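Protein chains in written order, with this note's numbering: chain P, 38 to 341; chain Z, 3 to 512; chain G, 3 to 402; chain E, 13 to 316.
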């Protein structure tokens with residue numbers, strides 16, 4: 038059981054890290070960025086390619102992976118969102134444009150084979166790959182019947198710290214206040230001399246960087262990097278998490294992430310079989326009907 | 003806090019009942035309660051012998067209470083005719099099956115409905131042939147108002163509630179609305195009329211009720227009301243007896259021209275400063291088809307307090323928004339200390355020292371008072387100075403100091419206004435735009451606000467003040483511009499305008 | 003791809019010229035000179051089956067080039083179009099339908115996954131076009147493709163080794179070597195190939211008195227399998243049976259080893275590709291499965307195939323490449339003997355179908371013939387992963 | 013391009029060689045129309061695949077086990093979908109915008125968890141083999157029912173119901189002031205959409221020899237949403253055009269080959285950015301409309 042709890046905490050951290058970025062964008066823009074899970078995948082893919090195909094050091098690769106993800110955040114803003122804002126298009130349009138971008142990213146990785154257009158990005162096509170052993174230190178201890186694997190353990194402090202930092206920034210710094218101001222009342226924000234567009238771009242950079250990092254941690258720690266990790270692990274679950282926690286609420290997303298991790302593992306342990314993904318959603322469905330604002334979603338009323 | 007508090011109002015069948023009161027008096031809230039948009043906390047409402055209390059809005063409408071909205075709420079992308087047809091919903095038999103079969107009688111009904119819609123539009127003074135097929139959102143402002151009335155009539159209401167039907171209209175349009183209301187009433191329709199335009203209200207209403215701070219302070223015939231001291235006080239603000247004696251009279255439209263001349267004669271040619279820090283020339287702003295500001299020119303010199311006054315919808319707020327870069331003017335120039343305001347980004351404008359304290363305050367309710375203040379220094383580079391100034395501001399407005407840890411959303415109207423002004427100051431403005439700082443505030447709060455404004459000015463900040471409490475505004479203003487329906491009507495020194503009847507007209511209608 | 007293809011063409015030419023095997027050099031009188039034999043292959047290039055599809059494709063393309071270079075089938079050139087079904091059933095059916103109707107292909111190959119086969123094979127049967135399965139190993143693929151209806155399908159063939167043979171052979175060989183006592187089964191429940199494998203394992207273990215402690219099922223799209231593996235390892239079995247697709251077996255092996263489990267992995271066709279062995283790495287070392295083909299097998303035509311493949315694509319072929327390569331040669335041989343008219347498509351498809359039943363050629367899989375149920379009768383190779391992306395031979399089981 | 017060449021040079025051959033494609037277009041169009049109904053009444057519901065599944069499984073199971081005539085199977089499937097639609101709609105329709113969307117996703121997942129993946133009768137995630145399928149002959153049923161569906165919707169949008177829906181979509185508050193029972197008409201729309209989706213599911217299930225559970229998940233709903241929004245959800249024809257365009261796209265752009273995913277993603281973004289209101293709708297077909305054509309009422313893009 039102890040091992041299972043560890044599994045839950047690990048995957049929970051990944052969900053939380055992913056969902057924090059997801060919910061951040063929704064909180065500020067009231068838009069679901071459906072390209073987020075593609076960015077998750079991209080981060081992992083870039084890191085792997087740099088290490089294995091371009092012989093870079095693991096740490097450098099991670100940094101670049103995160104940077105590329107952050108850059109993709111800018112692309113999302115400039116290609117998918119800003120043009121639509123300018124045209125006062127309904128949010129649903131942004132939904133579609135981000136879907137389009139996700140399609141491009143995934144297809145590019147999926148079709149990356151030697152000799153193809155995207156060979157520089159990915160050469161293994163649809164194949165799942167794992168980081169070659171030894172590319173990064175991964176000590177493993179066996180304590181009291183528990184297996185403590187370095188790469189998995191590392192994920193937990195990394196994501197917790199990052200989420201605390203983000204929480205601190207949002208709560209106590211000038212930039213954080215500005216972001217919240219944009220989220221609450223863009224007009225007022227502009228009157229205070231805040232450049233709303235720049236703030237939104239910043240939001241997407243932060244969000245995507247976190248998403249990319251989540252992808253890297255996931256791929257490295259689970260030894261599973263493929264064009265589909267985003268789709269299979271976080272795409273839909275991410276929605277569940279941010280709703281469980283209340284749309285736009287960062288602590289909510291964190292809690293929701295860990296909660297989902299726990300629910301799923303318990304489902305596996307208690308109910309067995311492949312009910313895993315479903316259980317979370319059954320819960321989600323009930324909660325939306327019973328308590329639509331989620332745990333932390335006090336601001337739901339304004340959001341709708 | 004009570005928006006509406008223990009108000010009793012009886013509308014006599016077949017009569018026109020007026021409901022007036024200064025901004026924030028709770029008129030619209032009252033209407034929303036009656037029509038089921040805001041739940042009753044206490045009290046009841048009947049339409050003849052039908053209980054309205056607690057019914058959902060659509061049921062109330064079904065019972066025959068039709069309303070228009072202060073800020074027009076047409077179905078913008080439907081054609082004018084379609085808008086009216088939607089209004090027939092509640093008394094139209096469910097023809098779903100008929101449509102599916104496209105049965106002949108459905109077509110007949112459809113035609114009948116179109117004809118009726120056309121008739122209703124004509125009643126409301128619209129030409130169906132001309133505007134019928136156009137999308138409602140593309141109609142001129144006046145027509146949109148009329149269309150909303152036509153749509154309301156489609157319910158065949160027993161009671162018609164008009165919420166500011168004449169707001170932002172020019173005299174001739176207002177005259178049209180007035181005739182429309184009288185015509186509808188002659189056909190036996192009971193009407194509850196809410197409007198700022200005394201001249202209209204006093205002219206058409208059989209009885210008038212006056213609200214202030216959610217309480218009814220007067221009720222009676224127009225004559226009784228217009229001479230009621232409490233009413234005048236509520237309107238022109240807490241001035242001295244001298245102003246109070248000049249009551250808002252129901253001067254007829256025919257008198258307008260005369261007053262126009264009188265105004266021109268009365269006011270000296272505007273003594274505009276030569277070297278101005280803000281120079282606005284021929285500025286025009288329009289929302290879609292609505293020309294909110296038409297070629298307005300004004301100048302503000304460093305160190306001045308300039309007031310911008312005029313009735314609701316005259317375009318005061320629009321001018322300020324254009325200056326602070328929230329909306330882009332259609333034409334004209336506006337230069338602040340070398341910065342072209344018509345092209346600069348809002349953020350750049352603030353950094354250049356032009357700070358706008360908007361109408362309705364727009365404080366960040368979810369953040370604490372302190373956070374609001376700290377964020378207000380965003381555009382500044384001098385962190386240290388900003389910190390000390392925050393402390394200073396909290397000393398100047400002690401209430402903010404006390405409440406610094408509270409969410410700004412919990413502040414009362416007055417406190418919120420203080421916060422808004424304080425926020426403006428922290429932007430380190432060289433020119434401060436204040437929009438309706440006393441809006442909906444209790445008299446003693448109003449005094450505090452103006453005290454604060456005076457202080458700020460004494461510290462050497464230039465101020466452009468938009469205020470509907472004309473007397474207070476003019477009292478502290480060096481100069482003032484009087485705005486009517488987007489045009490600068492006249493300008494002059496504060497004192498001079500104080501005694502100018504045209505000002506009263508600009509406010510109390512014409 | 004293009005570049006590699008060109009390279010391969012030359013080599014293939016030389017080889018084919020040297021030894022006109024694998025369907026080259028017409029022995030039959032009738033000539034198809036100037037004609038084209040259009041074939042379509044429905045393969046999973048992306049999605050879960052993306053681990054296998056590309057291998058089959060490379061094998062097929064190689065065969066096509068060799069045959070065409072060697073003068074084609076009685077003078078007719080083969081044109082092969084490979085379409086991706088993204089490992090989705092519905093898409094598989096749509097792709098096949100397009101090939102049958104709009105491309106007017108003579109015969110089809112594929113699909114890669116048994117899961118898609120249940121969508122495509124009945125369609126082919128219904129449209130009366132021969133289809134040759136080159137990698138589908140589930141239950142009820144041939145002959146009763148319309149399961150539960152027991153009417154044998156006339157147009158469906160397969161050259162891949164059914165799990166019904168592979169898994170029992172594998173278990174038997176390991177049981178006789180190591181006599182394991184307990185086992186746990188990890189199965190992807192919502193995939194036909196995997197769950198069929200699972201059923202077979204469940205049915206077989208008792209024969210070798212292995213006690214199946216638990217069957218742990220999961221979804222084929224699960225990303226994080228740790229909880230399942232933890233449960234399995236917690237039971238301390240001697241054997242973990244893995245019947246699932248794509249990257250899953252490797253992930254399970256890695257996770258189980260990390261959690262300190264030392265036992266034996268047994269599986270089915272899902273293991274038999276380089277990607278799985280490569281991903282599993284050291285964790286997969288020794289994992290056993292039964293395969294239709296083995297790199298080092300001693301059949302004459304295998305050596306040529308392997309060299310040709312390596313020169314063309316720069317890496318070793320695997321079971322799926324071999325089966326794809328064989329598939330093309332099987333159809334080529336049948337076409338050669340079918341007296342095609344190239345005018346009456348339906349008639350040609352029937353003739354080809356009939357001719358396929360009597361195929362008898364040398365292939366990398368060994369001497370190739372179809373059984374009366376359109377299945378393949380062949381040698382089974384029990385292989386184990388060498389921990390470095392390859393496989394080594396454990397047992398060779400001749401067809402009974 | 014040869015796609016069009018054949019279409020115009022030899023329509024008969026084209027028809028014979030693309031029947032399944034045509035039927036798929038038909039199915040997708042019906043689905044898009046079911047999405048249209050909810051969008052048209054201002055709701056962003058993503059439940060369609062759930063109702064499809066109900067329709068599909070019901071009809072196939074009846075066909076296989078009770079051997080009832082096809083018409084009866086379809087009717088049953090459709091009806092059951094409608095009933096479930098009503099039951100789900102009652103609690104869920106209180107939600108708005110994204111929350112409604114996610115609640116309906118929850119419904120889909122809960123359904124697949126409870127019914128599709130874990131019941132023996134539904135094949136426990138392996139799908140159902142429908143040996144009575146008719147991949148070629150089905151096309152006529154599909155096209156006829158599409159025509160009927162579109163005609164009925166068109167009539168509905170023109171009458172009292174349609175006016176009510178438009179009013180609700182454009183301004184719920186104002187709609188109430190006109191005596192429109194918002195909750196009631198939203199529910200009606202939701203149920204109609206469920207019926208359409210259920211019917212589409214039933215029809216589709218008889219084109220293929222297998223019911224693929226994966227067809228009834230989130231990806232499908234996103235696809236259908238894209239049809240509706242891209243085509244323009246302010247006009248009955250919009251979704252049909254969207255479905256037609258996106259379904260044929262891969263066939264038309266065969267030369268894109270493996271890069272079809274990348275291309276279609278880019279096209280998606282381009283269209284939605286330059287026509288946020290969709291292909292059909294204001295200024296859409298108006299551009300190509302001949303002068304003698306009656307001028308349509310202006311309609312808004314639905315903001316969902």
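Beta carbons: idealized from backbone N, C-alpha and C, even for Gly. Because the structure is a prediction, the values reported are computed rather than measured.
Would you mind reading off the limits of the beta strand (DSSP E) that contains residue i?
i                      : result
residue 393 of chain G : 393-399
residue 386 of chain G : 382-387
residue 483 of chain Z : 481-486
residue 370 of chain G : 368-371
Would a check of beta-carbon distances place residue i closer than 7 Å to chain G?
i                     : result
residue 44 of chain P : yes
Would you verify that the beta carbon of residue i is, or is not, closer than 7 Å to some beta carbon of chain E?
i                      : result
residue 111 of chain Z : no
residue 321 of chain G : no
residue 291 of chain P : no
residue 296 of chain P : no
For residue i, which residues in chain Z fall below 8 Å Cβ to Cβ?
i                      : result
residue 182 of chain E : 77, 78, 79 and 80
So with CB distances below 8 Å, who are the chain E contacts of residue i?
i                      : result
residue 300 of chain G : Ordered by position in chain E, no residue passes the 8 Å Cβ test against residue 300 of chain G, which lies about 37 Å from the chain.
Which stretch, first to last residue, makes up the alpha helix (DSSP H) that contains residue i?
i                      : result
residue 374 of chain Z : 371-378
residue 182 of chain E : 172-182
Please compile the residues from chain P whose C-beta is within a distance smaller than 9 Å of the C-beta of residue i.
i                      : result
residue 380 of chain G : Within chain P, no residue comes near residue 380 of chain G; the closest Cβ sits about 27 Å away, beyond 9 Å.
residue 269 of chain G : Within chain P, no residue comes near residue 269 of chain G; the closest Cβ sits about 16 Å away, beyond 9 Å.
Do residue i and residue j have their CB atoms nearer than 7 Å?
i                      : j                      : result
residue 279 of chain P : residue 110 of chain P : no
residue 348 of chain P : residue 77 of chain P  : No answer is possible for residue 348 of chain P: it lies beyond the span of chain P, which begins at 38 and ends at 341.
residue 138 of chain P : residue 72 of chain P  : yes
residue 251 of chain E : residue 59 of chain E  : no
residue 275 of chain P : residue 56 of chain P  : yes
residue 196 of chain Z : residue 175 of chain Z : no
Mind pulling the chain G residues with CB within less than 7 Å of residue i?
i                      : result
residue 136 of chain E : 191
Please list, in chain order, the chain E residues whose beta carbon lies closer than 9 Å to that of residue i.
i                      : result
residue 120 of chain Z : Near residue 120 of chain Z there are no residues of chain E at all, since even the closest Cβ is about 15 Å away, more than 9 Å.
Answer with yes or no whether the minimum CB distance from residue i to chain Z is below 7 Å.
i                      : result
residue 73 of chain E  : no
residue 18 of chain E  : no
residue 167 of chain E : yes
Residues of chain G with CB closer than 8 Å to the CB of residue i, please, in chain order.
i                      : result
residue 170 of chain P : 283 and 284
Could you work out which residues of chain Z lie near residue i, taking near to mean beta carbons separated by less than 9 Å?
i                      : result
residue 231 of chain P : 348, 349, 352, 377, 380 and 381
So with CB distances below 7 Å, who are the chain P contacts of residue i?
i                      : result
residue 226 of chain G : 48, 259 and 270
Taking a cut of 9 Å between CB atoms, which residues from the segment 48-81 of chain P lie near chain G?
48 and 51
Please list, in chain order, the residues of the segment 186-203 of chain E that have any C-beta partner in chain Z closer than 8 Å.
186, 187, 188, 189, 190, 191, 192, 193 and 194
Taking any Cβ of chain P, which residues in the segment 214-242 of chain E have a Cβ under 7 Å from it, in chain order?
230, 234, 238, 241 and 242
Can you give me, in chain order, the residues of the segment 99-123 of chain P that have a beta carbon less than 7 Å from any beta carbon in chain Z?
none
At a CB distance below 9 Å, what residues from the segment 242-266 of chain G approach chain P? Give them in sequence order.
248, 249, 250, 252, 253, 256, 257, 260, 261 and 262
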